[in-house]
Structure formats: C-alpha cells, structure tokens
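Asks:
In this note's numbering, the protein residues as written are 139 to 454.
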C-alpha cells in the first residue's frame, strides 16, 4: 500500500446523543440550532466532554441575559488580542467586576469593554458537567459510579494528551472501568495504547472486550479492524470495517480503509463504491486527493480490462 496510507486508530471519547444533551441541559432544539447558526458551537449528532462543557457555559450565560451576538463579539475581541486561544469557551476565564468585563488566561488579565460575562473556574466547570440522572440509573450510588467513571476517563484522556507516562493513563482508565465495567471507550483506549506499543495480544484483548461489551460501538469495530489489518488478517479486518459502516454509515475513515483493502484484493467495483462514499464525506483533505487518484486508476484499469475482453470476443 505504498503511497496509500490507511486511516489509523482513533481515541474514544465519552459521547452523548443530541437528544440526551437537550434533555440533560433542559434546552429546546431551537436554542441549540440558534447557537449553531451564530457559529458559537458546531452542529453535531453526538457530543463529547468538551462539547457538553461549551453548551453548559452558553446555557449559564444565557441565564444571565447575554445574547449570542454580544457573546460572539467578546470572543472575537479575545481572539484578536490573545494568541493560541482556539476555544474561548473552555480555555478562558471570563468574569464581571461591577460593570467591567475581564478575561483571564494563564494568570494574565485583560479588559474587554462593553460586554457581560461570567467567571467559570475549573471547579465550577466540573460541577456544570454533573448531569441529572441518565436513563436506567436507579440509585444515587449508580449515578455516583457513572460520574466517577467519567471523571477518571477524562483524567486518562488528559494524561494521554499531556504526554504523560502511558502507564498512568492505563491506570486511570482502569479506575474508570472499576467504576463502570461497561465503559467501552476506556477499553478501546487501553487497547490503543497497547496497539501503539505493538503489544498485539493485549491490544486485541481490550478491543475484543469493547466489542463484546458494546456490539453497537462503531469505533471499537474500526480499531479492531485496524489491528486485524496490521496482523495481515484481511478477511477479519473487512468484517469489522463493514460492521463499523453498518452501524455508522457516515464513518468516512472506515470507508477509506475498506476501499484500500478491496483494491489490494482486486475487488475493483467494491473499492470504487467505498472511494465514492468516502469522497461524499470528505472532499477536501489530503486523504481525499489520494482517494481520487486511486479511484481514477481503478476506473482506468477496469476500462482497459473491459476493452481487452471486448476485443478478444470480436476476434473469436
């Protein structure tokens, strides 16, 4: 597959559906759409920890009467004055001192005049993410276990992103699993740590446990397929990539990898179908350029084969 790198592993993040977020944050659909229209948040069908944090912050600011337009203006001002701030909702502390608005990041303060914001320190942000009871949680103990699991899971993600010793991240994921043994995302991420360390047996064990725990988890199937592909188990890789796109039809990376595998196995029409599906989902990246190139080569080779067959038939 020289020159045609497959899409590789992805980290799991705890996720919530759009309907769960609306219910848990007590928001009407129209409010979420309004924030999306204002470009304050991106339209999504599933939400992760950071997304929930943004929505909670926006909801609190709305309670204080801050309009999306005024909020957007403040953040535009912040972006113009502070470098390296990609998401002011989660990277900044914004608060009010009388009628004055101040912004703090990394211990520095700056004043933004004419706006109204609120102080969100880390303790407050964490508190905002303590959601009401989820479906099927029957006791305070179950709710505490779920919240503890999510806290350990996020701690493990933070450790991974900070470049800490991977053993620390594994230990944090294991703590999450102690609180919630059915947390498939933690199983997937431990599997990925072992995969990157080329410890195939351990990686497969955790990926398979994730699939067994949650058969409807597309990411678990995708990462398990990556492992099978790495080990030369092409049929098993195709099986799990296909399961991933069955569960999540818009799973672009799975379509990409399926196209590559079908192409290397000489199954041109199936490869072309998945290249087309991939390009519908991702038309502008470097990967899309590879997809177009490979699809064009396949189409050309298919035409050549068809022409040769036609010529042979006429000669006969």
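We put the CB at the ideal spot given by N, CA and C, even for glycine. All figures in this text were calculated on a predicted structure; none of them were measured in a lab.
Locate the alpha helix (DSSP H) running through residue 407, then write down its first and last residues.
Replies: 406–419
Asks: So, under 8 Å CB-CB, residue 401 and residue 374 are touching, yes? Tell me the CB distance rounded to an integer number of Å.
Replies: Incorrect: roughly 18 Å between the Cβ atoms, too far for contact.
Asks: Which residues in the same chain as residue 294 place their Cβ atom closer than 6 Å to its Cβ, once the five residues preceding and following it in sequence are excluded?
Replies: 307, 310, 311
Asks: Rounded to whole angstroms, what's the CA-CA distance from residue 316 to residue 352? Just pull it up for me.
Replies: 17 Å
Asks: Hey, out of 150, 330, 405, 171, whose CA is closest to residue 159's CA?
Replies: Ranking the options by Cα distance to residue 159, first place goes to 171.
Asks: Can you tell me the Cα-Cα spacing of residue 151 and residue 403, whole angstroms?
Replies: 33 Å
Asks: With burial defined as no fewer than 16 other Cβ atoms inside 10 Å of the residue's Cβ, what is the status of residue 201: buried or exposed?
Replies: exposed
Asks: Between 210, 335, 349, which has its C-alpha nearest residue 323's C-alpha?
Replies: 349
Asks: By how many angstroms is the C-alpha of residue 395 removed from the C-alpha of residue 428?
Replies: 12 Å
Asks: Taking DSSP as the reference, what is the three-state secondary structure of residue 155?
Replies: strand
Asks: With distances taken Cα to Cα, identify the nearest neighbour of residue 173 among 184, 196, 161, 155.
Replies: 196
Asks: Helix or strand or just coil, what does DSSP make of residue 253?
Replies: Model confidence at residue 253 stands at a pLDDT of 41, short of 50, so the residue's coordinates are unreliable; what they give is reported in the following sentence. Coil.
Asks: Just to confirm my understanding: we take residue 180, look at its own chain, exclude 5 residues before and 5 after, and list those with CB closer than 6 Å. What are they?
Replies: none
Asks: Please classify residue 423: does DSSP put it in a helix, a strand, or coil?
Replies: coil
Asks: What's the C-alpha gap between residue 302 and residue 362?
Replies: 25 Å
Asks: Nearest-angstrom Cα distance between residue 420 and residue 426?
Replies: C-alpha separation (whole angstroms): 6 Å.
Asks: Got a sec, what are the start and stop residues for the alpha helix (DSSP H) residue 170 sits in?
Replies: For residue 170, the enclosing alpha helix (DSSP H) stretches over residues 167–175.
Asks: Tell me, to the nearest whole angstrom, how far the beta carbon of residue 397 is from that of residue 389; I am working on the premise that it is less than 8 Å.
Replies: Rounded, the Cβ-Cβ distance is 12 Å, inconsistent with contact.
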